[in-house]
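Q: Chains as they are written, first to last, in our numbering: chain A, 540 to 802; chain B, 540 to 802; chain C, 540 to 802; chain D, 540 to 802.
Take this structure first; my questions come after.
Number of protein chains: 4
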Amino acid sequence: MAEAGTAPVSVSLNSDIGEGYGAWSIADDEALLGLVTDANVACGFHAGDPDILRRTCETAAARGVGVGAQVGFDDLRGFGRRFIQVPKQSLVNDVLFQLGALSGLAAVAGTRVSYLKPHGALYHATTQHDDYAGAVVEAILEYSAAGQGELALLCQPGTRLAERAETAGVPVVAEGFLDRGYTADGLLVPRTEPGAVITDLDEVCRRAVRMVQQGTVEAADGTEVRMRVASLCVHSDSSGAVEVARAVRAALEQAGVELRPLA
Amino acid sequence: MAEAGTAPVSVSLNSDIGEGYGAWSIADDEALLGLVTDANVACGFHAGDPDILRRTCETAAARGVGVGAQVGFDDLRGFGRRFIQVPKQSLVNDVLFQLGALSGLAAVAGTRVSYLKPHGALYHATTQHDDYAGAVVEAILEYSAAGQGELALLCQPGTRLAERAETAGVPVVAEGFLDRGYTADGLLVPRTEPGAVITDLDEVCRRAVRMVQQGTVEAADGTEVRMRVASLCVHSDSSGAVEVARAVRAALEQAGVELRPLA
Amino acid sequence: MAEAGTAPVSVSLNSDIGEGYGAWSIADDEALLGLVTDANVACGFHAGDPDILRRTCETAAARGVGVGAQVGFDDLRGFGRRFIQVPKQSLVNDVLFQLGALSGLAAVAGTRVSYLKPHGALYHATTQHDDYAGAVVEAILEYSAAGQGELALLCQPGTRLAERAETAGVPVVAEGFLDRGYTADGLLVPRTEPGAVITDLDEVCRRAVRMVQQGTVEAADGTEVRMRVASLCVHSDSSGAVEVARAVRAALEQAGVELRPLA
Amino acid sequence: MAEAGTAPVSVSLNSDIGEGYGAWSIADDEALLGLVTDANVACGFHAGDPDILRRTCETAAARGVGVGAQVGFDDLRGFGRRFIQVPKQSLVNDVLFQLGALSGLAAVAGTRVSYLKPHGALYHATTQHDDYAGAVVEAILEYSAAGQGELALLCQPGTRLAERAETAGVPVVAEGFLDRGYTADGLLVPRTEPGAVITDLDEVCRRAVRMVQQGTVEAADGTEVRMRVASLCVHSDSSGAVEVARAVRAALEQAGVELRPLA
């Protein structure tokens, strides 16, 4: 519960939405859009088609859910999870193409794209390769400079991508992962190691509240790590995603945390 | 030459540009962008990729060439020349997706999308089916209503698409075809009939000047048809496209016609 | 139950399988492959990718399920349900490409493609347009003539496709639809009309047994129509597909009908 | 000229053919198919569509040109020149899919696929990563074991791919590059270094004859390197490709070398 006399703490809850294609879907978007505050909307490269983009934006707008561009590699077959060696300038253009496509449909749906989040293998590439991080940051800067609107970058604090964005003056929204273990350095425990995934729902909820209210997380080795985040990520494509979102939302509200879209 | 005392007559010269994909190209875009006033830029559905879109917009911007969205069916394999049965609402969304993608890259390149022209089989579908014509018009209306900018529609006068656009209040730019024969009704002679294509370059040039200065064209049956146009189309993918563009441009300038972008 | 002294009546049960793509799936293939005798395997044009093709062929081979090529229009976005205007020769080549791709993976999986069934909008086009029916028949003839193996055509009797195939000497396997109403002419009641879909599971089972044992079906207007079929189709992408397949299989076995793959 | 009393030395001349897509093309396939003995035919993943595959196979068959499967990453946009991180088993399946598709169309065209050559980034990956080399070799072994026909592997001697293929018992056809400089180790001089590309046409011809007749090449540092090859590669997508093929063919014939397809 929020302390008396102070403004209530608030946080955003984000999830990947609109990751179907044509006749295919992968998550219960309808249910998730009733629980999260911000939707990372796929833009057609790793998933998503014009119908899905529009429908997702319309539902998000109707429910007051924020819209972010979830940009990825151009790879439907691999769902954006396979690294592709894209020259830097091509990657800038790919990101701008996706941003523009989503922005047009968002505008028609009565909302706008307020942030960007790289997806899958592109996300990982931006945390490891300067060219990939730089391309994403450059696309955001060019997009804003061209009068297309201010964009924040939603990403994990402490990564190369976050640092490059901050240095370049791009607003960074720090993201926390509910179902992932952290190292003492504040990074994620690799999926190949023990403690990488938190499966206990009560534990997930406790960590969520602690991250928001205290700005800390307990690392896999037991140390307390500073982790001040503005948005919590709920994975949409795992079984039980809706259940996790519902439980975390309830736990946060119970603790007096306000759930609020990023923009 | 324009008569003394009157404002010089002007016209736009448009051509399909940016119709490559990846390593492939189909026209001499570089040369054509030095000759036309307006580029119908492919948006990635029948041709075009983010790199090509950007490069085309940048070159157009640098040379004062206007940018239009050349929207098509989602069919790289068929180059947008095969009819696809797309539900009306999907087609609206497909057009908006293409418009948004091009708009973002145009903005970054320092220009903007000022008009739309349907490509290939989509163009033909809009002249024959109400749903297809209606979808294109609706997309333009929604795009403008959402504050994404005013868009004109570049199309042949007298077609169903032109009529629907005019009725809906969408500004229509009448387009004339330099290398195509006309019927007495002011429509194009079907390609399967004699007189469908004008191949003599002098004849093409004479028709261009006449269409602009007198607002008429001689039909295949010899009758004079009223054909007041604001833009002349130079086909880019025929052999000799650059030569045609150069000759027509010279003939128009020689006749005192000003060559001016649409917006 | 089969009459004493006669060979037991047999039938094939077919279903569309392998209609996912990358991370997406649409049906419970694993369960269906335990119930049907023949799998209409998507070949990558409307659905399916090399991994799915192989996995499906391997599971089919392991369970003694026959493999057919479910060929479609080249349209992942539309799941092959949108008509595309494909020139006849291109369609022949498209079908051969799909057949070859599936055949190679089927061979590696230890089985072979024994029949072909057009999917979705291609199926409908072959029942209405001579060019489309002709292209499918021609592809089968060329494939067999080239020593790639004998292929039967699985399709509804009385259609243009069935007639053209029979005339050309292609073996036709007559297909019956369990959950669709029939007209007095032996064709399907259009989905826009009453009686198009049979939803009662008991009714579906009774019709299945009757079609196999008596070679008749009761039309929507109550008349008895001759309908001698060699394979019954279970739609895989409707909810309850597995339940329908299980019930029909049980009803047929209960009636003494042997369930047997086509080849 | 071949010495009297000995069998004439022979060699194959190979080139990448059929690398267009839909309306796009990239090389003068028609002219090249009149000069080379073996066509590395693109299979639809990095280039090529069913129409092109068939037309290429038909022309090759008519002219006695051998057909090889030029398999690549699934990346039309990048023309197969971008590395994609494909899991090993998926890569095996991707290669088999391409092999099967081309084999079916080759059979219909009256010929067969006799060898395989990886394209672009896939080729480079197979020379560097065991998983990629292993996947290609495994696909060839599985294809042959499944009775789909014997396949040779066309690749540069001394590479990891060649070694793995030899170890596995796959017949390897050693390939020489006419317009590339060699290191003293018998590998190619990287394109970023001096001496990487041989542009003088006479020099290219002299090297071709020497490689075939003496089994050696002069490395960039002047040393003589053993380079016994069975096929010489003519790059098809460089300007002057046809001129190079014509000159090399003439020089080889002049020297008494027989030009003969691989199978």
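Using N, Cα and C, we set each Cβ at its ideal position, and we do this for glycine too.
Alpha carbon to alpha carbon, what distance is there between B/Arg765 and B/Glu757?
A: Counting from 1 along the second sequence, the entry for residue 757 of chain B is found at position 218. Counting from 1 along the second sequence, the entry for residue 765 of chain B is found at position 226. C-alpha separation (whole angstroms): 9 Å.
Q: Starting from the beta carbon of A/Asp588, find every residue of chain C whose beta carbon is closer than 7 Å, and list them in chain order.
A: Along the first sequence, one-based indexing puts residue 588 of chain A at 49. Near A/Asp588 (Cβ distances below 7 Å), the residues of chain C are Arg616.
Q: Taking 7 Å as the CB-CB limit, is C/Asp670 close to chain B?
A: Indexing the third sequence from 1 puts residue 670 of chain C at position 131. Judged by the 7 Å Cβ criterion, C/Asp670 is not in contact with chain B.
Q: From the DSSP output, in three-state form, read off A/Thr755 for me.
A: Against the first sequence, residue 755 of chain A aligns to sequence position 216. Reduced to three states, the DSSP call for A/Thr755 is strand.
Q: Let's test the definition: count the other Cβ atoms within 10 Å of the Cβ of A/Thr731 and tell me whether it reaches 16, buried, or not, exposed.
A: For the purposes of this step, residue 731 of chain A is identified with residue 192 of the first sequence, where counting begins at 1. Its Cβ having fewer than 16 others within 10 Å, A/Thr731 is exposed.
Q: Assess, as a yes-or-no matter, whether the region 613–625 of chain D is touched by the region 662–674 of chain C under the definition of 3 or more beta carbon pairs within less than 8 Å.
A: no
Q: For C/Asp614 and C/His585, what's the separation of their Cα atoms in angstroms?
A: One-based indexing of the third sequence puts residue 614 of chain C at position 75. One-based indexing of the third sequence puts residue 585 of chain C at position 46. Approximately 5 Å, taken between the alpha carbons.
Q: Quick one: does A/Asp633 have its CB under 7 Å from some CB of chain B?
A: Taking the first sequence and counting its residues from 1, the one referred to as residue 633 of chain A is at position 94. So, interface residue.
Q: What residues in the region 622–646 of chain C have a beta carbon less than 9 Å from any beta carbon of chain B?
A: Phe622, Ile623, Gln624, Val625, Pro626 and Ser629
Q: Should B/Ala601 be labelled buried (16 or more other beta-carbon atoms within 10 Å of its own) or exposed?
A: Against the second sequence, residue 601 of chain B aligns to sequence position 62. The residue in question, B/Ala601, is exposed, as its Cβ has fewer than 16 Cβ neighbours within 10 Å.
Q: Put C/Arg699 into one of helix, strand or coil per three-state DSSP.
A: What you label residue 699 of chain C is simply residue 160 of the third sequence in a count that begins at 1. Looking at C/Arg699 - three-state DSSP - the assignment turns out to be helix.
Q: Select from the region 552–582 of chain B all residues with a C-beta closer than 8 Å to any C-beta belonging to chain D, and list them in chain order.
A: Residues of the region 552–582 of chain B with a Cβ closer than 8 Å to any Cβ of chain D, in chain order: Gly559, Tyr560, Gly561, Ala562, Trp563, Ser564 and Ile565.
Q: If distances are taken between C-alpha atoms only, which option among C/Gly619, C/Leu635, C/Val604 and C/Glu763 comes closest to C/His663?
A: As a first step, residue 663 of chain C is located in the third sequence; it is residue number 124 there, counting from the start. When each option's Cα is compared against that of C/His663, the closest is C/Gly619.
Q: So does B/Arg616 have its beta carbon nearer than 6 Å to some heavy atom of the ligand NAD?
A: Of ligands this structure carries none, so the ligand NAD is not represented either.
Q: Could you work out which residue in D/Gly643, D/Ala678 and D/Gln753 is closest to D/Lys656 when comparing CA atoms only?
A: The residue given as residue 656 of chain D occupies position 117 in the fourth sequence. The candidate whose alpha carbon is nearest that of D/Lys656 is D/Ala678.
Q: Distance check for D/Trp563 and D/Gly649, CA to CA, integer angstroms please.
A: Walking along the fourth sequence from the start, residue 649 of chain D turns up at place 110. Walking along the fourth sequence from the start, residue 563 of chain D turns up at place 24. About 26 Å.
Q: Tell me the DSSP secondary structure of A/Gln667 in three-state form.
A: Working through the first sequence from its first residue, we reach residue 667 of chain A at position 128. Helix, per DSSP.
Q: Determine the direct distance from the alpha carbon of C/Gly583 to that of A/Ala684, and round the result to whole angstroms.
A: Sequence index remark: in the first sequence, residue 684 of chain A carries index 145 (1-based). Sequence index remark: in the third sequence, residue 583 of chain C carries index 44 (1-based). So the alpha carbons of these two residues sit roughly 42 Å apart.
Q: Using a cut-off of 9 Å between C-beta atoms, extract the partners of C/Asp613 located in chain B.
A: Start at 1 with the first residue of the third sequence, and residue 613 of chain C comes out as number 74. Asp614, Arg616 and Gly617, listed in chain order.
Q: Quick check on the burial criterion: 16 or more other C-beta atoms within 10 angstroms. Buried or exposed for D/Asp568?
A: Counting from one through the fourth sequence, the residue named residue 568 of chain D turns up at place 29. Buried, by the Cβ-count rule.
Q: Mind checking which residues open and close the beta strand (DSSP E) that includes A/Pro657?
A: Here the question's residue 657 of chain A lines up with position 118 in the first sequence. Start and end: Val652 to Pro657.
Q: Can you name the residues of chain B whose CB is closer than 9 Å to the CB of A/Gly607?
A: Looking up residue 607 of chain A in the first sequence gives position 68. Correct list: empty, because the minimum Cβ distance to chain B is about 15 Å.
Q: Determine, using beta carbons only, whether A/Ala685 comes closer than 7 Å to chain B.
A: On the first sequence, residue 685 of chain A is found 146 positions in, with the first residue counted as 1. True, the Cβ-Cβ gap to chain B drops below 7 Å.
Q: Can you tell me whether C/Thr706 is buried or exposed? The criterion is at least 16 other CB atoms within 10 Å of its CB, across all chains shown.
A: Along the third sequence, one-based indexing puts residue 706 of chain C at 167. Burial call: exposed.
Q: Out of C/Tyr682, C/Pro710 and C/Ala789, state which residue places its alpha-carbon closest to the alpha-carbon of C/Asp741.
A: Locating residue 741 of chain C in the third sequence gives position 202, counting from the first residue. When C-alpha distances from C/Asp741 are compared across C/Tyr682, C/Pro710 and C/Ala789, the shortest belongs to C/Ala789.
Q: By the DSSP assignment, the alpha helix (DSSP H) with C/Arg788 in it spans what residues?
A: In the third sequence, counting from the first residue as 1, residue 788 of chain C sits at position 249. Segment Ala780 to Gln793, the alpha helix (DSSP H) holding C/Arg788.
Q: Helix or strand or just coil, what does DSSP make of B/Phe636?
A: Position 97 of the second sequence, counted from the first residue, corresponds to residue 636 of chain B. DSSP places B/Phe636 in helix when its eight states are reduced to three.
Q: If the cut is a Cβ gap below 8 Å, which residues of chain D does C/Leu592 touch?
A: Walking along the third sequence from the start, residue 592 of chain C turns up at place 53. Asn632 and Phe636, listed in chain order.
Q: Rounded to whole angstroms, what's the CA-CA distance from B/Ala645 to B/Ile737? Just pull it up for me.
A: For the purposes of this step, residue 645 of chain B is identified with residue 106 of the second sequence, where counting begins at 1. For the purposes of this step, residue 737 of chain B is identified with residue 198 of the second sequence, where counting begins at 1. Using only the alpha carbons, I get a separation of about 34 Å.
Q: Which whole-angstrom value is the C-beta distance of A/Gly561 and C/Gly617, which I expect to be below 8 Å?
A: Along the first sequence, one-based indexing puts residue 561 of chain A at 22. Along the third sequence, one-based indexing puts residue 617 of chain C at 78. Contact holds; Cβ gap of about 6 Å.
Q: Starting from C/Glu681, find everything on chain D with Cβ-Cβ shorter than 8 Å and list it in chain order.
A: Start at 1 with the first residue of the third sequence, and residue 681 of chain C comes out as number 142. Chain D residues near C/Glu681: Val647.
Q: Give a yes or no on whether the C-beta atoms belonging to D/Ser770 and D/Val712 are separated by under 7 Å.
A: Your numbering for residue 770 of chain D matches position 231 in the fourth sequence. Your numbering for residue 712 of chain D matches position 173 in the fourth sequence. A contact, by the Cβ cut-off of 7 Å.
Q: Check whether the Cβ atoms of B/Ala640 and A/Gly639 sit closer than 7 Å, and answer yes or no.
A: As a first step, residue 640 of chain B is located in the second sequence; it is residue number 101 there, counting from the start. As a first step, residue 639 of chain A is located in the first sequence; it is residue number 100 there, counting from the start. Taking 7 Å as the Cβ cut-off, B/Ala640 and A/Gly639 qualify as a contacting pair.
Q: Just the C-alpha distance for B/Ala543 and D/Val781, rounded to the nearest angstrom, thanks.
A: To locate residue 543 of chain B, count along the second sequence from 1; it is residue 4. To locate residue 781 of chain D, count along the fourth sequence from 1; it is residue 242. In this prediction, B/Ala543 has a pLDDT of 47, which is less than 50 and means its spatial position is unreliable; what the coordinates show is noted afterwards. C-alpha separation (whole angstroms): 56 Å.
Q: Tell me which same chain residues have a C-beta within less than 6 Å of the C-beta of B/Ile591, skipping the five on either side of it?
A: To locate residue 591 of chain B, count along the second sequence from 1; it is residue 52. Within the same chain, B/Ile591 has close Cβ partners Gly557 and Gly559.
Q: In three-state DSSP terms, what is D/Leu693?
A: Position 154 of the fourth sequence holds residue 693 of chain D. If DSSP states are grouped into helix, strand and coil, D/Leu693 belongs with the strands.
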